[in-house]
Structure formats: C-alpha cells, structure tokens
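Residue numbers (mature numbering (1 follows the signal peptide of the UniProt record, and there is no 0)): -26 to -1, 1 to 287.
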C-alpha cells in the first residue's frame, strides 16, 4: 500500500514542476489620440516577432484603443497624419508616416520623417526596453507612460511631447503637397542631406566618431528624453519590469505650445533643466527576484518530496 502511493506523489511532483516553466506575461498598449485631428497609428513587428492583431487603424480625436501585445514582442509604433483614400484607385496614403501598403494596415515601416515609439518587451534581465526616437525625423508629439501594476525600479515616462513642426529649421521642414504655409513634419539631417556624419554611417558608424550635430541638438533641446541621433542611448533608453502596460498618447496635453515660446517642462516627464534629464541607475533587483523564484520553488519541492519518501518507506 505504501509503495502504491508513491506514484501519486510523483504525479504531484510533476504537476508542481510544471509550474516552473516560464509564464508568458501579457502586455497591453493603450493608444490614445489627443490631437485635434484624426491619427492613423501603424504598428510594425520586428523580425522573428509574432505579429499583433492589428497593424493599422484610425483614431478620431479623443479616441483610445487597447492592443494586446504578444509576449517578447519587439517593434515600433507611430502615427500617420493627413491620410485619405484616392477615389479613383482606392489607394490609402498619408502625408506623414505612410507605410506604403496602400491600405489601412501596414506591412512595412513608416516613411520618414516620423516620430517612432520603439519597444522590446521581455528583454534581458526581465525588463522591457522602450524609447521614442526622432532619428528618422518628427511628425507629431508622442508620449509613452508606463501604467501601474508590474512597473518597478527606474521606470518612467518618455517621449517628445512638444509640437515642434513650427519650430523646425527651414531646411528640414516638410510641407503637405504644394502648401508651404505650414510645416507638417520635420526631417532629420540624415534624410535632408544624406551625409555620413549625420547618418552615423561609413567612418562615422560607431559612437566614438558619430557625435551630435547642431541639427540633432535642436531635437534634443526640444525633446530631451527622445533619441536625437543613432548613438543617443545614455539619456534616451528606458526600462520597466516585464509585464508593465503602457499608454502611448499622440499630442499629450502639453503640446499647445506656440512656435518661438520657451520649451516647457512636460507633465509626467520631470527634467533637471530644459535640456538634460537625470536617468539614474536601472534597478533590476525586482526583476532578478522574479526570475529567481523557480530555483527557490524547486528546492522546496525536493525537500518536501524527500520527507514524503521517508514517510512512506
């Protein structure tokens, strides 16, 4: 009778050990349009990443949409503006952020200049990595705000919350069609001039030789937490514990600034001054503790099974 009971303990052990397998932690992006016009978000998944349920949709003024992201997802998200469908060809296109698909859904990246929200979920150390990039230029304000719940450590908002189209240097401005009255986007120096020193290419293809230019400093002064050039990592990459949800807002409330005004300190994005942000040190202790629990749990099970074996034998 005692021998017959041991297999059941083995079954229990196997059930408990099955709990040690990695659990996929889901993440939700809540995408909100706070602009005074319709925005058409586009989403592109990175190579080898499972696609999400939607790659393009429209958001009217004040509208939000929640999108469930697959575990370990990486990719980028952006907003398209001034979009329409040609009645003669039924082709969908946008003046900024167009992905070239001819439809609402996107199968490739955004044509520059476009403000990009970039994510790598469930990265190294049990952390999500995210940033807002102006390396490909700028078309509208974007703010990423981690939501409450799994967020721990040095996990904070980032983005470019200022509407800088009206502040854009004249040689970087983009206009819609033949209308040169109002800039709808602001190109990067790389796109505008194609020089290696602006594109961080060729002999400038490493952080030791590719340095900020007066053009990238314009973007950095306007949006201190956003990437302004390819190697602008130190003040532009942010992390949260895996499982954090994120709100991505187009045109957050602080973007009513007029051209020529002093760039304000953005709500939810505290700055040390108008051009520098304190990053601090990433605290991975919580993530490490989460990742260590399978080993601890296994030790408890082995201890329990040893005593159970002695009890029956």
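The beta carbon of each residue, even a glycine, is placed where N, CA and C say it ideally should be. Only a predicted model underlies this, so the values are computations on that prediction, with no experimental measurement involved.
- Residue range 116 to 120 is occupied by the beta strand (DSSP E) that includes residue 120.
- Contact annotation, residue 31 with residue 78: C-beta distance approximately 6 Å; criterion of less than 8 Å satisfied.
- Excluding residues up to 5 positions away in sequence, 202 lie with their Cβ nearer than 6 Å to the Cβ of residue 194 in the same chain.
- With distances taken between CA atoms, residue 54 lies nearest to 80 out of 185, 80, 43.
- Between residue 87 and residue 111, the gap from beta carbon to beta carbon is short of 7 Å.
- Sorting 99, 184, 183 by C-alpha distance to the C-alpha of residue 46 places 99 at the top.
- As the crow flies, the alpha-carbon of residue -1 is around 43 Å from that of residue 145.
- Taking C-alpha positions only, residue 143 is separated from residue 95 by approximately 35 Å.
- DSSP, read as helix, strand or coil, puts residue 192 in helix.
- In the three-state reduction of the DSSP assignment, residue 170 falls in the helix class.
- In the three-state DSSP reduction, residue 131 falls in the coil class, being neither helix nor strand.
- Counting along the chain, residue 2 sits inside the beta strand (DSSP E) bounded by residues 1 to 7.
- Residue 163 sits in a helix when the DSSP states are folded into three classes.
- Here residue 155 is exposed, its C-beta having fewer than 16 other C-beta atoms within 10 Å.
- Looking only at 147, 166, 107, 170, the smallest Cα-Cα distance to residue 209 is reached by 107.
- Sorting 176, 177, 170 by C-alpha distance to the C-alpha of residue 187 places 170 at the top.
- Under the three-state reduction of DSSP, residue 177 is assigned to helix.
- In the structure shown, residue 140 adopts helical secondary structure according to DSSP, grouped into three states.
- According to DSSP, residue pairing for residue 13 in a beta bridge involves 33.
- The three-state secondary structure of residue 146, taken from DSSP, is helix.
- Straight-line spacing of the CA atoms in residue 75 and residue 67 works out to 8 Å.
- As the crow flies, the alpha-carbon of residue 129 is around 7 Å from that of residue 120.
- Linking residue 149 to residue 10 through their CA atoms gives a straight-line distance of about 19 Å.
- Cβ atoms of residue 189 and residue 163 come within 8 Å of each other, at about 4 Å.
- Under the DSSP definition of a beta bridge, residue 54 partners with 14.
- It is roughly 31 Å from the alpha-carbon of residue 197 to the alpha-carbon of residue 27.
- One thing to note: residue 71 has its Cβ no nearer than 7 Å to the Cβ of residue 91.
- When DSSP reads this structure, residue 203 sits in no beta bridge, so it has no partner.
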